[in-house]
Amino acid sequence: MIEERSADPTPADAPPTGAGLRERKKHATRVALRRAALTLAVERGPEHVTVDDIAAAAGVSPRTFFNYFASKEDALVGEHTERFAAFRELLLARPDDEPPLVAVGAAVAEYLRGIELDREVWALRRGLVERHPELLPRVLGANANAERELAHAIAERAGLAGAGAEDMYPTLVAAVTITAVRVAMLRAACTDTERAPADVVSEAFAALAAGLPAPSRG
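Numbering follows the UniProt record's numbering, in which position 19 of the sequence shown is assigned residue number 19; successive positions increment by one, without gaps.
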């Protein structure tokens, strides 16, 4: 989730734990392709990896690769609308009387509890972007898209669906959310913690809801 916005504000591709066999097979192929792309890019550098290389390493054809990703860059650092669509449904299903940050935090935690987090793929991706900052514009663009979509969902939930760009509230909540998730997911990925990502995210949103009080010393 690299400063400003890191490589993964949300976890790597993962199907709902109750997904059917077909969805799980597609997920396995997607993850195999992404892992192959990231592993090769870390070893050789992104500029020395081709789609043919990735497909061969994953044991599929280049044609199959393009069934899952639009380009090599998409496999390395792209985002997927399916993930946000699932989160959006959870957010819009939250009780109407919940404050926006509480609702968003609960939806994020619920989403994380319902997926299988591929920590290896996520760590590879984050490390690749840190080593190859030329990928950062693509990451920032994907994160900006995610933030914009989240702002739209927040506006819809708040009854501000027709609000113009001058309405700062949905955008502000979305920006705070993206940052909170990024920080929490980076912490959850640390090797010195076994806490579930959903629990770390919940802690981050609880701190936000409390007004970010200074931590006690000693």
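Note that CB positions come from ideal geometry on N, CA and C, so glycine has one too.
Just so it is clear, the structure is predicted and the values come from calculations on it, not from any experiment.
Just to confirm the assignment, what range does the alpha helix (DSSP H) spanning residue i have?
i	result
arginine 94	That residue, arginine 94, is in no alpha helix (DSSP H); it is neither H nor E in DSSP.
glutamate 73	72–77
histidine 48	Counting along the chain, histidine 48 falls outside any alpha helix (DSSP H), and DSSP gives it neither H nor E.
aspartate 199	197–209
phenylalanine 65	62–68
histidine 27	21–44
proline 170	168–188
leucine 140	136–157
For residue i, count neighbouring Cβ atoms within 10 angstroms of its own Cβ and tell me buried if that reaches 16, exposed if not.
i	result
proline 213	exposed
lysine 25	exposed
phenylalanine 205	buried
leucine 21	exposed
arginine 30	buried
residue 275	Here the chain covers residues 1 to 218 and nothing more, so residue 275 does not appear.
methionine 168	exposed
Using the C-alpha atoms, what's the distance from residue j back to residue i?
i	j	result
leucine 33	alanine 55	7 Å
arginine 187	valine 200	8 Å
proline 9	asparagine 67	Any reading at proline 9 needs caution, since the residue's pLDDT is 42, under 50, leaving its predicted position unreliable; the model's value is listed next. Going by the C-alpha atoms only, they are around 24 Å apart.
alanine 210	valine 181	16 Å
valine 139	arginine 126	10 Å
glutamate 47	glutamate 134	10 Å
cysteine 103	alanine 153	Checking the sequence shown, residue 103 turns out to be alanine, not cysteine. Each residue's alpha carbon lies about 12 Å from the other.
alanine 146	glutamate 194	27 Å
lysine 72	tryptophan 122	17 Å
alanine 58	leucine 124	16 Å
valine 129	leucine 136	6 Å
threonine 179	threonine 171	12 Å
serine 216	glutamate 23	46 Å
Consider the C-beta atom of residue i and the heavy atoms of the ligand SAM; say whether any pair is separated by less than 7 Å.
i	result
alanine 144	This structure lacks the ligand SAM; in fact it carries no ligand of any kind.
My understanding is that residue i touches residue j, with C-beta atoms under 8 Å, so please give their C-beta distance in whole angstroms.
i	j	result
alanine 41	leucine 76	6 Å
serine 202	alanine 109	5 Å
proline 197	leucine 92	With 8 Å as the limit, proline 197 and leucine 92 do not qualify as a contact, their Cβ atoms being about 22 Å apart.
proline 62	valine 49	No, proline 62 and valine 49 are not in contact; Cβ-Cβ is about 13 Å, not under 8 Å.
phenylalanine 84	glycine 78	In fact, because the Cβ distance is near 13 Å, the residues do not count as touching under 8 Å.
| request: Evaluate contact between the region 93–110 and the region 153–160, counting only Cβ atoms and requiring at least three cross-stretch pairs below 8 Å. | output: yes
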